[in-house]
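Inspection log for the structure reproduced underneath, given as structure tokens.
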Amino acid sequence: MQAHPNKTQAKNTPAARHKARRFALQGLYEWQLSGNVPFEIEARYRVENAMHKVDLAYFHELLHQGVARARELDAAYAPFLDRKASRIDPVELSILRIGTYELLHHIEIPYRIILNEAVELAKDFGATDSYKYINSILDELAKTARKAEKEA
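In the working numbering, the protein residues as written are 2 to 153.
Shown next as structure tokens:
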């Protein structure tokens, strides 16, 4: 008897993707502070956490692309910052990278969902009012990156 696919890998449901974003945020944060290799971070997270309800493919993509494209992502949201990127809290920086990556590379996800997810991550992991800052930056980016969608 074969195992049901959902027993080993969560589908890309909103809940499974939300969990993938949470782990990707933590992984990107760890990478920024420690310089650990993304594959090592991912392997450890898969062993140490209950990942059966996580969209593992999405977690993998967000973590690895967040690292590989960090400069590209930082350049995309940089025009909307009110301070130097080096002064942004590492948690906020990780959230901005995830949100920016999704805005630029996942056009199938409505921008409102991306902004809402980023705000939720900021409320859960960031400083008290960091969600307002995250929302304002990603909303400005969406005006250019998702112009047609924002105008619809």
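The C-beta atom is built at its ideal place from N, Cα and C for all residues, glycine as well.
Just to confirm, are residue i and residue j a CB contact at a threshold of 8 Å?
i	j	result
L97	I42	no
G28	L64	yes
Y23	L122	Residue identity check: residue 23 is Arg in the sequence provided, not Tyr. Yes, the pair counts as a contact, with Cβ atoms nearer than the cut-off.
N13	Y59	yes
Q33	S131	no
G67	A25	yes
Under the three-state reduction of DSSP, which class applies to residue i: helix, strand or coil?
i	result
T129	coil
R84	coil
P15	helix
I110	coil
R22	helix
R98	helix
A153	coil
Nearest by alpha-carbon distance to residue i: which of the options is it?
i	options	result
P80	M52, L139 and K12	L139
A21	A51, P91 and V38	A51
H107	K133, E150 and I89	E150
Y30	Y78, Y132, E121 and G127	G127
G36	L57, V48 and P91	P91
E129	Y102, E93, R88 and A77	Reading off the sequence, residue 129 comes out as Thr, not Glu. Out of Y102, E93, R88 and A77, E93 has the C-alpha closest to the C-alpha of T129.
T145	V38, D56 and A77	A77
With residue i and residue j assumed to form a contact (beta carbons below 8 Å), what rounded beta-carbon distance in angstroms separates them?
i	j	result
L105	A143	10 Å between Cβ atoms; not a contact.
I114	G100	11 Å between Cβ atoms; not a contact.
Y112	R147	5 Å
K54	A86	So it is not a contact: roughly 33 Å between Cβ atoms.
Using a Cβ-Cβ distance under 8 Å, would residue i count as near chain C?
i	result
S131	Absent from the structure is chain C; it holds one protein chain and no more.
* In chain order, which alpha helix (DSSP H) runs of at least 4 residues are fully inside the segment 34–91? -> 39–49, 57–69 and 71–78
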